[in-house]
Amino acid sequence: MYLKLFRAKFFGQYLALLFLAVLLRIDTLFNPEMFANFDSGFKFETLIAFERSFPFLAAIISLIILILQALLLNQLLENNRITPLNQLLTAAIYITITSSATPILQPNIMLLVNLIMILALNIIFNSYGEQFSYKRVFDASLLTGLSSLLHFPTVWFLLFLWVCLMIYHSFTFRTLLITITGVALPWLYAALYFLWTDQLQDSFSWFINSVSNIQPLSLKFDPYIFIVWILFFILFISGYREISKQISTNSIEIRRKFKVLIFFFVFSLATSFWAGAELKFHLLLTSIPLSAILSVYLSQTKKVILTETLMILILIFIFIGKIIYLI
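Below, the structure is given as structure tokens:
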């Protein structure tokens with residue numbers, strides 16, 4: 008039912024996607040104050056105050072941003088011929104993954120970070136085949152730098168940009184300087200602001216501490232959440248070999264863009280070491296490449312019964328978790 012619905016090419020799947028998103032976040036919409044006793048998912052006082060003062064509005068805005076991310080990622084993959092046209096399977100999988108655990112439904116900074124990184128990924132894909140794509144390289148670097156201001160571990164995605172340039176055979180000394188400049192520019196503007204407000208020394212100490220001090224990873228979830236993620240992992244493993252065969256028969260462009268997705272996934276996991284107590288939110292970064300990879304497999308697989316069963320089990324355990332959380 009899940010695959011059949013979102014692999015179908017009709018307008019009704021947009022309504023189904025909206026229904027899925029609302030259903031998976033129904034608990035936060037009906038009880039937006041459920042995270043009142045939790046530490047905020049934001050670091051900035053303005054956002055923290057807004058979340059605490061207007062929890063329902065924060066939940067609505069989070070839902071809208073999530074749907075926007077899902078549709079952007081879906082369109083990105085379609086435009087680059089990675090997934091079939093006129094399907095919303097990528098968007099549906101993205102919403103399912105990012106709503107798979109009640110604790111990560113809390114409004115958090117990764118809603119903005121993921122949106123920025125999807126836009127950066129779009130620029131990276133569009134830069135393929137352009138001989139002098141310096142502007143696109145700079146734009147992708149600038150977005151990466153902006154995301155690192157919101158969530159520091161993404162600063163290491165500078166290395167990801169270099170890997171992408173190597174995959175595209177566009178890595179030169181000039182592009183190296185462009186990426187460093189692009190990532191550094193938001194930090195330079197931030198430094199000027201902190202200098203103006205006499206906060207530069209404290210901010211610099213925080214920066215050094217963020218780079219050098221790797222805090223113990225903290226990830227406390229109920230068993231049902233691990234069951235959900237194990238089911239997603241089974242889907243990933245069962246489909247990866249089939250995906251690899253499909254991709255190997257495609258054009259060089261598709262193969263290289265698929266490699267970009269794989270390295271995005273690798274860097275999302277590797278940068279987890281700097282996430283510390285924010286690990287549960289940081290792992291939302293993996294939902295971008297994971298949704299893309301799974302949608303490539305699920306959009307073309309002939310093992311419909313197996314994959315449908317796994318997706319239904321995933322949804323069942325997600326809602327079991329919601330019930331457990333309410334008890």
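Numbering follows my numbering, in which position 253 of the sequence shown is assigned residue number 260; successive positions increment by one, without gaps. Glycine residues also receive a C-beta, built at the ideal position from the N, C-alpha and C atoms. This structure is a prediction, so every number in the text was calculated from the model and none was measured.
Next item on the list: Can you grab the Cα-Cα spacing for the pair F265 / I89, in whole Å?
Entry: Distance from the CA atom of F265 to the CA atom of I89, rounded to whole angstroms, is 8 Å.
Identify the residues that DSSP records as bridge partners of N115: which are they? Answer is G48.
Among S106, I187, L83, V29, which one has its Cα closest to the Cα of G328?
G328 has its Cα closest to that of S106, out of S106, I187, L83, V29.
Suppose you measure from the CA of G189 to the CA of K11; what does that come to, to the nearest Å? Spanning the two alpha carbons is a distance of roughly 43 Å.
inquiry  = For S275, tell me which candidate among A108, A77, N121 has the shortest Cα-Cα distance.
reply    = The candidate whose alpha carbon is nearest that of S275 is N121.
With DSSP collapsed to three states, give me the class of T308. Three-state result, T308: coil.
Margin query: Let's test the definition: count the other Cβ atoms within 10 Å of the Cβ of F13 and tell me whether it reaches 16, buried, or not, exposed.
Written below: By the neighbour-count definition (other C-beta atoms within 10 Å, threshold 16), F13 is a buried residue.
For Y135, which of helix, strand or coil comes out of DSSP? It is coil, neither helix nor strand.
_If you follow the alpha helix (DSSP H) that E285 is in, where does it begin and where does it stop?_
For E285, there is no enclosing alpha helix (DSSP H), since its DSSP letter is neither H nor E.
- Length of the line joining the Cα atoms of S245 and E285: Computed Cα separation, rounded: 30 Å.
Next on the checklist: By the three-class DSSP mapping on this structure, what secondary structure does S177 have?
Outcome noted: S177 falls in the coil class under three-state DSSP.
- Message: Looking only at its chain, what residues have a beta carbon closer than 7 Å to the beta carbon of N87, apart from the 5 residues adjacent to it on each side?
- Response: Counting only residues of its own chain and dropping the five nearest sequence neighbours on each side, N87 has a CB closer than 7 Å to the CB of F132, K264.
(Q) Let's test the definition: count the other Cβ atoms within 10 Å of the Cβ of I185 and tell me whether it reaches 16, buried, or not, exposed. (A) Buried, since its Cβ has 16 or more Cβ neighbours within 10 Å.
Contact defined as beta carbons within less than 8 Å: I believe E260 pairs with G152. What is the distance between those atoms, to the nearest angstrom?
Going by Cβ atoms, the distance from E260 to G152 rounds to 27 Å, so no, they are not a contact pair.
Q: With I103 as the anchor, note down where its alpha helix (DSSP H) starts and where it stops.
A: The displayed chain sequence assigns Thr, not Ile, to residue 103. Where T103 is concerned, the enclosing alpha helix (DSSP H) starts and stops at 96–105.
Is A140 helix, strand or coil when you go by DSSP?
The sequence given here places Ser at residue 140; Ala does not occur at that position. Of the three classes helix, strand and coil, the one that applies to S140 here is coil, per DSSP.
Checklist entry - What first and last residue would you give for the alpha helix (DSSP H) that runs through I72? => result 62–86 is the extent of the alpha helix (DSSP H) around I72.
### Task
Could you say which of T293, E249, K287 lies nearest to S306 if we only look at CA atoms?
The shortest Cα separation from S306 among T293, E249, K287 belongs to E249.
Neighbour-count burial assignment, V29, 16 or more Cβ in a 10 Å radius: With fewer than 16 other Cβ atoms within 10 Å, it is exposed.
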